[in-house]
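If you read the sequence shown in the numbering used here, its first letter stands for residue 39, the second for the next number, and so on.
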Amino acid sequence: MKDTKKLSIILSNDELFELQQHLWLLASENETLAYWLDEYEGEDPLTLSRQDTADILTLLSEVLNDETLYADRTSTQYKALQQLHARLLQGSQTLWKA
Numbered sequence: 039m040k041d042t043k044k045l046s047i048i049l050s051n052d053e054l055f056e057l058q059q060h061l062w063l064l065a066s067e068n069e070t071l072a073y074w075l076d077e078y079e080g081e082d083p084l085t086l087s088r089q090d091t092a093d094i095l096t097l098l099s100e101v102l103n104d105e106t107l108y109a110d111r112t113s114t115q116y117k118a119l120q121q122l123h124a125r126l127l128q129g130s131q132t133l134w135k136a
């Protein structure tokens, strides 16, 4: 049976800006999602499938663990992505009980 549940989340301006800086890493895995996120302006909630959420979480994990991208772990940019990762993870675990 196909999972039709969707995660709805509104991104802060900082979260959106930082995520959009790394979409090129997502493009090879999920080109449609990368395009959609690049066009997203943040006014309405994002509605994400389980797979889209997993793809973004994977991207964020890779970026957050790459010290060459964020050497300063106290920067507002790093904290924005860290916050987004935590919110997506919590939302996905609540929605899909994973």
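Note that CB positions come from ideal geometry on N, CA and C, so glycine has one too. Note that the structure is predicted; figures quoted are calculated from it, not measured.
* Asked: What's the call for N51, buried or exposed, on a 16-neighbour Cβ count within 10 Å?
  -> Position 13 of the sequence shown, counted from the first residue, corresponds to residue 51. Looking at its Cβ environment, which holds fewer than 16 other Cβ atoms inside 10 Å, N51 is exposed.
* Take every Cβ of the segment 85-105, pair it with every Cβ of the segment 118-127, and state whether three or more of those distances are shorter than 8 Å. => yes
* At least 3 beta-carbon pairs within less than 8 Å: the segment 81-97 vs the segment 54-67 -> yes
* Look up I47 in the DSSP assignment and say whether it is helix, strand or coil. => To locate residue 47, count along the sequence shown from 1; it is residue 9. Strand at I47.
* Asked: Span of the beta strand (DSSP E) holding L107?
  -> Residue 107 sits at position 69 when you count from the first residue of the sequence shown. Per DSSP, L107 belongs to no beta strand (DSSP E) and is neither H nor E.
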